[in-house]
Amino acid sequence: MTRLIDPEFRGNVGDLQIAHHTEIILTGPTRTGKTLGCLWKLYDLAKRYDNLRALIIRKQRTDLSETGLVTFERDILGSGNPLIIDGPRRQYRHAYVLPNGSTLVIGGLDKPGKILSSEYDIIYVQQAEELAPADWETLITRLSGLSLPADQQQIIGDCNPASPQHWIMQRSLDGNLKLWETYHTDNPLLHDGKDWTAFGKEYIGRLSASLTGIERERLLDGKWVQAEGVVYKEFSTENVVDTEPDPELPIEIAADDGYVDPRAILFIQRTGTEILVFDELYHSHHLAETCVNEVVERCEQSKWPLPDIAVGGPESKELQQRFRKANIPYRARSHKVVEGIKVVRRLILDGQEVRSLKVHRRCKNFIGELTDGYKYPEQGSRRDDEKPLDGNDHACDAFRMWAFVRANR
Numbered sequence: 212m213t214r215l216i217d218p219e220f221r222g223n224v225g226d227l228q229i230a231h232h233t234e235i236i237l238t239g240p241t242r243t244g245k246t247l248g249c250l251w252k253l254y255d256l257a258k259r260y261d262n263l264r265a266l267i268i269r270k271q272r273t274d275l276s277e278t279g280l281v282t283f284e285r286d287i288l289g290s291g292n293p294l295i296i297d298g299p300r301r302q303y304r305h306a307y308v309l310p311n312g313s314t315l316v317i318g319g320l321d322k323p324g325k326i327l328s329s330e331y332d333i334i335y336v337q338q339a340e341e342l343a344p345a346d347w348e349t350l351i352t353r354l355s356g357l358s359l360p361a362d363q364q365q366i367i368g369d370c371n372p373a374s375p376q377h378w379i380m381q382r383s384l385d386g387n388l389k390l391w392e393t394y395h396t397d398n399p400l401l402h403d404g405k406d407w408t409a410f411g412k413e414y415i416g417r418l419s420a421s422l423t424g425i426e427r428e429r430l431l432d433g434k435w436v437q438a439e440g441v442v443y444k445e446f447s448t449e450n451v452v453d454t455e456p457d458p459e460l461p462i463e464i465a466a467d468d469g470y471v472d473p474r475a476i477l478f479i480q481r482t483g484t485e486i487l488v489f490d491e492l493y494h495s496h497h498l499a500e501t502c503v504n505e506v507v508e509r510c511e512q513s514k515w516p517l518p519d520i521a522v523g524g525p526e527s528k529e530l531q532q533r534f535r536k537a538n539i540p541y542r543a544r545s546h547k548v549v550e551g552i553k554v555v556r557r558l559i560l561d562g563q564e565v566r567s568l569k570v571h572r573r574c575k576n577f578i579g580e581l582t583d584g585y586k587y588p589e590q591g592s593r594r595d596d597e598k599p600l601d602g603n604d605h606a607c608d609a610f611r612m613w614a615f616v617r618a619n620r
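Counting from 1, position 310 in the sequence shown corresponds to residue 521 in my numbering; the numbering is continuous, with no gaps.
Have a look at this one:
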C-alpha cells in the first residue's frame with residue numbers, strides 16, 4: 212500500500228497540525244504543501260477521535276474529485292487502502308468512513324444538500340478564495356460536533372493569493388481569521404531544507420518561464436497583489452504587522468486635511484530600522500478641532516506620549532493652528548506629488564529588498580488605499596513622472612507628506 216510515511220511538515224503547514232485557532236487559512240503560491248497539510252490534519256484527528264465528523268468541501272463538488280481527493284487517496288490513504296478499494300470512485304463518493312466510526316464527508320457548496328444542515332468537528336475548505344464571505348460564515352455555523360472539545364473545533368482552508376481587497380485578506384486584517392503564509396521551500400519535494408531538489412529546480416524553472424504579470428506574482432511569488440494601475444504595487448502582506456508602538460519612544464502624526472473628503476490622520480513611530488504606522492483616524496464632516504482632540508484623547512487612553520510633531524499640507528491653516536494649540540508642533544513642505552511617491556516607494560521596498568514601512572493591520576483605510584484605492588489613470592503610462600488619480604488617496608497623501616519631510620534620505 213503506497214502512501215506517505217510520517218510526512219515532514221515545515222513552517223506554518225507544520226504549525227497547523229497543532230493549532231487550535233477557530234479559523235485558519237494557509238496561503239501561498241502553488242505546490243507549497245497546503246492541501247496535504249490540511250487533509251493530513253483531518254485524517255489524523257479522525258483516527259484519534261472516535262466518531263469524529265469532518266467535512267472536506269470546495270465551491271464546486273466536481274473540482275474536488277481531481278484535486279483534493281486525489282491528494283487524500285494517493286498521498287495519505289495509499290492506493291491499496293480499504294477505504295478506497297471498498298468504496299465508490301472519487302466522483303461518486305459522499306464520505307470516507309473509518310473503522311472507529313469517524314466520517315470524512317465530501318461536498319460542494321454548489322450542491323449543499325444535507326451538508327449544511329449537519330454538524331462537524333472540523334471543516335476543511337479547499338481553494339477558499341473561490342468562496343463568498345457568506346459561504347465561509349455559513350460553514351462556521353456548522354462547527355458544533357461532539358467528538359472534539361469545543362475549543363478545538365476549527366474551519367481550516369487553503370488558498371492562492373488574490374486581490375488584497377479579497378474577503379479573506381480583509382477578514383484576516385479584522386483579526387477573525389489567521390492567514391498563514393507558506394513557501395515553496397516548505398515542500399520537501401521541492402526543497403530538501405538546504406537546496407532545491409532536482410524536481411524543485413525543474414518545477415520552479417517551469418513556473419518562472421511560463422508565468423507573467425499578476426499571475427506570476429500570485430502563483431510563483433505568493434503575493435496578494437492588485438491588478439495593474441495601483442500606485443504602490445510594491446506594498447504587500449509583508450508590510451502588514453501586529454506590532455504595537457513602544458510607549459517609551461516618541462510618536463509623530465501625518466495628516467491630510469479634509470471635511471467633505473475624509474480627513475486622514477496617521478499615528479507613526481520610528482525606530483532605527485523601521486517606520487511603524489500603528490493607528491489611524493479617518494473621518495468626513497469632522498471639524499479640525501474635533502480631530503485634533505481625538506488625537507490627544509487616543510494618546511491619553513492608550514498611554515502613548517503626546518506626538519512630537521505633526522506633518523501635513525501647507526494649505527491646512529486651521530489644522531496647523533489646532534495642532535499647535537494642543538502643543539503639537541506642525542511642519543509642512545511643498546513638493547511635487549511624484550517626488551513624494553518615490554520616497555514612499557523606497558520605504559515600502561527599497562533596492563536592497565528591505566521593507567522599512569510596517570503598517571498595523573488595524574489601519575484598514577490606509578491599507579485599503581495602498582492596495583486598491585490609489586491608482587493611476589486607466590490609460591496612463593505608469594511612468595514615474597505621472598500623477599495618480601485624485602481621490603482614494605487621503606491616508607496615502609498624509610503619509611507621503613510625512614515621508615517627504617521626515618524620511619527623505
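No residue lacks a Cβ here, since even glycine has one placed at the ideal position from N, Cα and C.
Ala499 versus Val616 - alpha carbon distance: The sequence position of residue 499 within the sequence shown is 288, counting from 1. The sequence position of residue 616 within the sequence shown is 405, counting from 1. When rounded, the distance between both Cα atoms is 22 Å.
Contiguous beta strand (DSSP E) assignments of at least 3 residues, all confined to the region 300-350: 306-308, 314-319, 333-336
Whole-angstrom distance between Thr396 and Gly239, CA atom to CA atom: Position 28 of the sequence shown, counted from the start, is the residue given in the question as residue 239. Position 185 of the sequence shown, counted from the start, is the residue given in the question as residue 396. Cα to Cα, the separation comes out at about 11 Å.
Enclosing alpha helix (DSSP H) for Gly298 [first to last residue]: One-based indexing of the sequence shown puts residue 298 at position 87. No alpha helix (DSSP H) contains Gly298, which DSSP labels as neither H nor E.
In DSSP terms, what Trp391 is bridged to: In the sequence shown, counting from the first residue as 1, residue 391 sits at position 180. Bridge partners of Trp391: Leu237.
Cβ contact check for the region 243-255 and the region 373-386: 3 or more pairs under 8 Å: no
Cys574 - containing beta strand (DSSP E), residue span: As a working note, residue 574 is residue 363 in the sequence shown. It is not in any beta strand (DSSP E) - Cys574 carries neither H nor E in the DSSP assignment.
Residues near Glu505 by beta carbon distance below 7 Å, same chain, minus five either side: Position 294 of the sequence shown, counted from the first residue, corresponds to residue 505. The answer, listed in chain order, is Leu492.
Nonlocal neighbours in the same chain, by C-beta distance under 6 Å from Thr314, ignoring five residues either side: As a working note, residue 314 is residue 103 in the sequence shown. Only Arg264, Ala306, Val308 meet the Cβ criterion.
Same chain, Cβ closer than 6 Å to His402, neighbours up to 5 away in sequence not counted: Stepping through the sequence shown from its first residue, residue 402 is reached at position 191. For His402, where only same-chain residues beyond five positions count, the Cβ hits under 6 Å are Thr396, Gly411.
Helix, strand or coil at His605 according to DSSP, with G and I counted as helix: Taking the sequence shown and counting its residues from 1, one reaches residue 605 at position 394. Helix.
Beta-carbon contacts of Cys574 that lie in its chain and below 8 Å, excluding the five residues immediately before and after: Position 363 of the sequence shown, counted from the first residue, corresponds to residue 574. If we look at Cys574 and ignore the five residues flanking it on each side, its Cβ neighbours are Leu477, Val488, Phe489, Asp490, Glu491, Ala606.
Cα-Cα separation, Val224 to Glu459: Along the sequence shown, read from residue 1 onward, the residue named residue 224 stands at position 13. Along the sequence shown, read from residue 1 onward, the residue named residue 459 stands at position 248. Using only the alpha carbons, I get a separation of about 37 Å.
Integer Cβ distance of Asp604 from Glu580, believed to fall under 8 Å: Looking up residue 604 in the sequence shown gives position 393. Looking up residue 580 in the sequence shown gives position 369. The pair is a contact, with the Cβ atoms about 6 Å apart (cut-off 8 Å).
Meets three-Cβ-pair contact criterion under 8 Å: the region 563-573 and the region 350-359: Output reads no: the region 350-359 does not touch the region 563-573.
Collapsed DSSP secondary structure at Arg269 in the structure displayed: As a working mapping, residue 269 is identified with position 58 in the sequence shown. Here Arg269 sits in strand by DSSP.
Assigned exposure category for Ala409 - 16 Cβ within 10 Å defines buried: One-based indexing of the sequence shown puts residue 409 at position 198. With fewer than 16 Cβ atoms within 10 Å of its Cβ, Ala409 is classed as exposed.
Cβ-based burial, Ser527 [other Cβ within 10 Å; buried from 16]: On the sequence shown, position 316 is the one that residue 527 refers to. So Ser527 ends up on the buried side.
CB contact flag (Leu266, Gly318, <8 Å): By one-based count along the sequence shown, residue 266 stands at place 55. By one-based count along the sequence shown, residue 318 stands at place 107. It is a contact, given that the beta carbons lie within the stated cut-off.
Unbroken beta strand (DSSP E) run spanning Asp369, endpoints: Locating residue 369 in the sequence shown gives position 158, where the first residue counts as 1. Residue range 365-370 is occupied by the beta strand (DSSP E) that includes Asp369.
Any non-hydrogen atom of the ligand SAH within 7 Å of Gly424 CB: Among the ligands in the structure shown, none appear at all, so the ligand SAH cannot be discussed.
Residue of Ile464, Ile479, Asp519 minimising C-alpha distance to Cys502: By one-based count along the sequence shown, residue 502 stands at place 291. If we check each option's Cα against that of Cys502, Ile464 comes out closest.
Limits of the unbroken beta strand (DSSP E) element including Gln480: Mapped onto the sequence shown, residue 480 falls at position 269. Residues 474-481.
Buried/exposed call for Pro518, threshold 16 Cβ in 10 Å: On the sequence shown, residue 518 is found 307 positions in, with the first residue counted as 1. Buried: at least 16 other Cβ atoms inside 10 Å.
Proximity of Ile326 and Gln365 at Cβ, strictly below 8 Å: For the purposes of this step, residue 326 is identified with residue 115 of the sequence shown, where counting begins at 1. For the purposes of this step, residue 365 is identified with residue 154 of the sequence shown, where counting begins at 1. No.
Contact set for His231: own chain, Cβ-Cβ below 8 Å, skip 5 residues either direction: Position 20 of the sequence shown, counted from the start, is the residue given in the question as residue 231. So the qualifying residues of the chain are Asp362, Gln363, Gln365.
Contact under 8 Å by Cβ, Ile236 with Ala339: Locating residue 236 in the sequence shown gives position 25, where the first residue counts as 1. Locating residue 339 in the sequence shown gives position 128, where the first residue counts as 1. Yes, Cβ-Cβ distance for Ile236 and Ala339 is below 8 Å.
Residue interval of the beta strand (DSSP E) (run including Leu487): Here residue 487 refers to the residue found at position 276 of the sequence shown. 486-494 is the extent of the beta strand (DSSP E) around Leu487.
Reference Pro310, options Asp217, Leu294, Lys569, closest by Cα: By one-based count along the sequence shown, residue 310 stands at place 99. It is Leu294 whose Cα lies nearest to the Cα of Pro310.
For Phe446 and Val281, the rounded distance between their alpha carbons: Counting from one through the sequence shown, the residue named residue 281 turns up at place 70. Counting from one through the sequence shown, the residue named residue 446 turns up at place 235. Using only the alpha carbons, I get a separation of about 36 Å.
Residue of Gln302, Leu530, Thr233 minimising C-alpha distance to Tyr470: The residue given as residue 470 occupies position 259 in the sequence shown. Minimum Cα distance to Tyr470 is reached at Leu530.
Beta strand (DSSP E) segment containing Ile464, residue limits: Stepping through the sequence shown from its first residue, residue 464 is reached at position 253. 463-467 is the extent of the beta strand (DSSP E) around Ile464.
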